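Okay, so here's the structure we're looking at.
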Amino acid sequence: MKSKALYTFLSVVTLGLSIALLLGIKALTTSFEYQIENNLAGIDLVVGAKGSPLQLVLASVLHMDNPTGNINYNEAKKIAKNPLVKTAVPISYGDNYKGYKIVGTTDDFASLYNAKLATGATPNKSMQVVLGHTVAEQLHLKLGDHILSAHDLVEKSEEVHDEELEVVGIYAPTHTVIDRLITTKLESVWDLHHHEEEEHHEEEHDEHEEAHHETKHQHNEKKEITSLLLSFTSPIGLLTLPRRINEKTNMQAALPKYELDKLYQYTGVGLKTVLWIAYLILVISSLTLFVSFYKMVKERAFDLALLRTYGASNFQLVRMILYEGIIIGVLAYLTGFLISKIGVSVLLQSIQTNQIQNLAQGLPFMAYLQIAGLIFTVIILSILLAIYPIIKMNISTILSHEK
Amino acid sequence: MVRTTDVTFSYPKKTAVFNFPDIDLNEGENLLILGKSGIGKTTLLHLLAGLLQPASGAITIDHNRLNSFSSNKLDRFRGLNIGLVFQKNYAIQSLSVIDNLQARLLFSRKSMNKTFVFDLLKQLDLLALKNSKPNELSEGQLQRLGIAMAVVHYPQVILADEPTSSLDDENCKLVIELLLQQAKRTNANLIVITHDHRIKSLFSKSIVL
Chain C
95 MKSKALYTFL SVVTLGLSIA LLLGIKALTT SFEYQIENNL AGIDLVVGAK GSPLQLVLAS
155 VLHMDNPTGN INYNEAKKIA KNPLVKTAVP ISYGDNYKGY KIVGTTDDFA SLYNAKLATG
215 ATPNKSMQVV LGHTVAEQLH LKLGDHILSA HDLVEKSEEV HDEELEVVGI YAPTHTVIDR
275 LITTKLESVW DLHHHEEEEH HEEEHDEHEE AHHETKHQHN EKKEITSLLL SFTSPIGLLT
335 LPRRINEKTN MQAALPKYEL DKLYQYTGVG LKTVLWIAYL ILVISSLTLF VSFYKMVKER
395 AFDLALLRTY GASNFQLVRM ILYEGIIIGV LAYLTGFLIS KIGVSVLLQS IQTNQIQNLA
455 QGLPFMAYLQ IAGLIFTVII LSILLAIYPI IKMNISTILS HEK
Chain U
25 MVRTTDVTFS YPKKTAVFNF PDIDLNEGEN LLILGKSGIG KTTLLHLLAG LLQPASGAIT
85 IDHNRLNSFS SNKLDRFRGL NIGLVFQKNY AIQSLSVIDN LQARLLFSRK SMNKTFVFDL
145 LKQLDLLALK NSKPNELSEG QLQRLGIAMA VVHYPQVILA DEPTSSLDDE NCKLVIELLL
205 QQAKRTNANL IVITHDHRIK SLFSKSIVL
């Protein structure tokens with residue numbers, strides 16, 4: 095009796111574990127896919143400084159890495175004028191506020207992510223910012239607050255600009271990367287760094303006002319941005335423009351979908367390994383289940399034969415065992431579901447940084463149904479194999495041997 | 025009403041063939057089948073219960089020829105019309121006395137007549153133990169539970185396989201009297217197979233194999 099309870103417990107635990115892993119992997123995959131898909135926001139091409147295309151995409155689309163460098167804004171504008179380009183959104187950054195990146199851009203940036211203002215307005219002049227939903231929530235900022243940006247993208251940067259940025263708007267949640275960004279006009283970023291350069295030049299050329307004016311003129315000529323986010327009117331743009339940019343300019347064009355798919359394939363190896371482990375555990379648990387039921391059928395052979403003498407048909411006996419299997423399956427599924435929910439939530443909490451947000455995505459009903467279908471197929475197969483002795487049972491022999 | 029005609033049986037991969045004498049019992053009649061070990065007594069009992077199929081011949085209970093039934097129909101027929109008593113009595117260990125009887129009725133697709141069941145338990149001196157588990161019963165109490173299980177569904181035939189072989193004279197007589205009493209009460213045919221000659225005098229009809 096104790097060994098039966100132990101086998102049942104083991105079956106529930108191992109089955110539950112494999113269900114948890116299968117659901118967990120599915121949830122993680124769905125969450126990552128959603129995260130990437132959602133943050134692509136219709137961006138077909140990213141144009142930035144030469145370097146790693148993946149780094150450019152991570153920095154410009156997911157805002158997860160340092161940019162490869164800056165590009166000349168005037169050069170970028172020439173690309174934006176191409177008739178194949180539907181939208182061109184420049185972004186420029188290099189500062190942060192308490193770890194949240196400050197992105198200088200145009201109003202079109204918010205449209206990429208369908209971000210709507212929850213309160214306030216969009217900036218109409220330099221040094222005004224709109225906060226993403228998470229930023230406002232986490233830092234308890236409200237309209238009219240003033241913030242001092244820190245140089246660099248590192249949260250604990252000690253170089254803080256003197257100029258204050260005023261909060262004029264807060265976006266409603268979008269579950270995209272914009273939730274964790276502080277957006278402002280391009281001019282704000284340029285002004286912040288222009289003042290910095292001015293101070294630098296003032297120190298060096300305090301007595302040469304002419305030289306100072308020359309520097310200001312050069313600055314206007316050399317306005318820089320981090321990257322340009324493009325979407326095309328036609329797929330032909332994807333075929334022609336990237337090559338032209340890469341070959342004929344000192345900028346690089348990176349395809350975000352391609353780069354992120356590649357990244358996902360690399361990182362997906364780990365998930366695939368865990369998935370195979372989950373299948374392996376499923377096989378082991380179905381074997382445990384089979385042994386448990388087979389043992390039960392063997393040990394209860396006389397009871398089952400006795401039930402046959404009471405008028406129970408083979409089908410009734412099989413149904414009794416099936417019910418037991420289904421109860422184990424349901425218990426295992428509930429256990430697995432709970433473990434996966436807790437596990438995925440803990441895992442995502444631990445990897446969620448200022449750069450990644452709202453990773454957890456609920457699985458579609460079909461995914462739950464598919465895994466439930468797989469588990470119950472395995473259970474029913476294990477039971478059918480285990481109950482074969484019932485079907486072949488010779489009641490007379492069993493009853494005679496027990497005499 | 026039990027009738028057998030020219031029943032033979034042989035076990036697979038064995039050359040020995042059992043040829044059984046014909047049985048002809050009218051309603052309410054009882055039969056003792058005597059024979060030494062290995063003569064085929066239990067085989068005959070299992071044939072009568074439909075647990076084995078004869079190689080040839082016919083077994084008829086209440087005008088129903090058992091070997092014409094499909095497996096499922098035979099199971100149903102057995103559940104409704106036949107009660108079996110074993111030498112060593114078994115019951116489902118996880119169920120109480122009353123639940124075992126209820127399970128027996130459930131598989132016979134009969135509802136429980138509480139008055140009848142309680143009366144039966146009282147006659148078999150088991151009423152006070154109705155909520156006890158089989159492992160809490162003595163051998164004698166288990167034997168009586170076996171009888172209760174065999175008659176609770178009002179069978180047409182009660183088949184008992186060596187019900188007295190391990191009992192002393194007093195208990196041997198008691199068990200057979202209980203079986204006869206229950207058979208009479210349900211107007212069933214009682215067929216007892218045994219090698220125990222002590223009970224021969226209690227049966228008006230007997231066959232020696």
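Going down the list, the sequences are from chains C and U. This note's numbering puts the first residue of the first sequence at 95, with every later residue one more than the last. This note's numbering puts the first residue of the second sequence at 25, with every later residue one more than the last. Here a beta-carbon is modelled for each residue, glycine too, at the ideal position from N, C-alpha and C. Because the structure is a prediction, the values reported are computed rather than measured.
Answer yes or no: does any C-beta atom of chain U fall closer than 8 Å to that of residue i?
i, result
"C/Q449", "Below a pLDDT of 50, predicted positions are generally treated as unreliable, and C/Q449, at 49, falls in that range; the measurement from the model is reported next regardless. Chain U contact via Cβ: absent."
"C/T403", "yes"
"C/S494", "yes"
"C/L400", "yes"
"C/S490", "yes"
"C/E396", "Here residue 396 of chain C turns out to be Phe, not Glu, going by the sequence shown. Yes, contact with chain U."
Does the separation of the CB atoms of residue i and residue j fall below 8 Å?
i, j, result
"C/L398", "C/I484", "yes"
"C/I113", "C/A347", "no"
"C/G331", "C/L178", "yes"
"U/L58", "U/H221", "yes"
"C/L115", "C/I371", "yes"
"C/G110", "C/I433", "yes"
"C/A121", "C/V440", "no"
"U/L56", "U/S230", "yes"
"U/N105", "U/V199", "no"
"C/T74", "C/V183", "Since the first residue shown for chain C is 95 and the last is 497, residue 74 of chain C is missing from the structure and cannot be characterised."
"C/L357", "C/L148", "yes"
"U/A73", "U/R102", "yes"
"U/A207", "U/P158", "no"
"C/I421", "C/S105", "no"
Is there a C-beta anywhere in chain C that falls below 8 Å from the one on residue i?
i, result
"U/R128", "yes"
"U/G103", "yes"
"U/S120", "no"
"U/T218", "no"
"U/Y178", "no"
"U/T32", "no"
"U/N96", "yes"
"U/A172", "no"
"U/T28", "no"
"U/L76", "yes"
"U/T39", "no"
Could you name the residues of chain U that residue i contacts, counting a contact when the two beta carbons are closer than 8 Å?
i, result
"C/L416", "Those within 8 Å of C/L416 in chain U number zero; the least Cβ separation is about 17 Å."
What does residue i reach in chain C if we use C-beta pairs closer than 8 Å?
i, result
"U/S132", "Y404 and G405"
"U/I182", "None at all; the shortest Cβ gap to chain C is about 12 Å."
"U/R100", "G405 and S407"
"U/A73", "T403"
Take the Cβ of residue i as the centre, count every other Cβ of all protein chains shown within 10 Å, and call the residue buried at 16 or more, exposed below.
i, result
"C/M460", "exposed"
"C/K279", "buried"
"C/K195", "buried"
"C/Y265", "buried"
"C/W284", "buried"
"C/A406", "buried"
"U/I217", "buried"
"U/G52", "exposed"
"C/S444", "exposed"
"C/A143", "buried"
"C/N208", "exposed"
"U/N213", "buried"
"U/F44", "buried"
"C/I165", "buried"
Mind pulling the chain C residues with CB within less than 7 Å of residue i?
i, result
"U/L108", "T403"
"U/I116", "D397"
"U/T188", "None at all; the shortest Cβ gap to chain C is about 14 Å."
"U/N70", "One detail in the question is off: residue 70 of chain U reads as His in this sequence, not Asn. Going along chain C in sequence order, the residues near U/H70 (Cβ under 7 Å) are S490."
"U/T210", "Neighbours of U/T210 on chain C: none; closest Cβ ~16 Å, over 7 Å."
"U/T66", "S494"
Query raised in the report: Can you give, in chain order, each stretch of the beta strand (DSSP E) that sits fully within the segment 194-231 of chain C and has at least 3 residues?
Result: Whole beta strand (DSSP E) segments, 3+ residues: 194-199, 211-214 and 222-225.
Query raised in the report: Which ranges would you report for the alpha helix (DSSP H) in the segment 72-129 of chain U if only whole runs of at least 4 residues count?
Result: 95-105
**Report entry** Segments of 3+ residues assigned as beta strand (DSSP E) that fall wholly inside the segment 416-483 of chain C
**Finding:** none
Query raised in the report: If you scan the segment 144-186 of chain U from start to end, which runs of the alpha helix (DSSP H) of 4 or more residues do you find wholly inside it?
Result: 163-175
**Report entry** Inside the segment 319-370 of chain C only - alpha helix (DSSP H) runs reaching at least 4 residues
**Finding:** Runs of the alpha helix (DSSP H) spanning 4 or more residues and lying entirely within the segment 319-370 of chain C occur at 330-342, in chain order.
Query raised in the report: Unbroken beta strand (DSSP E) runs of length 3 or more, entirely within the segment 28-52 of chain U: which are they?
Result: 47-49
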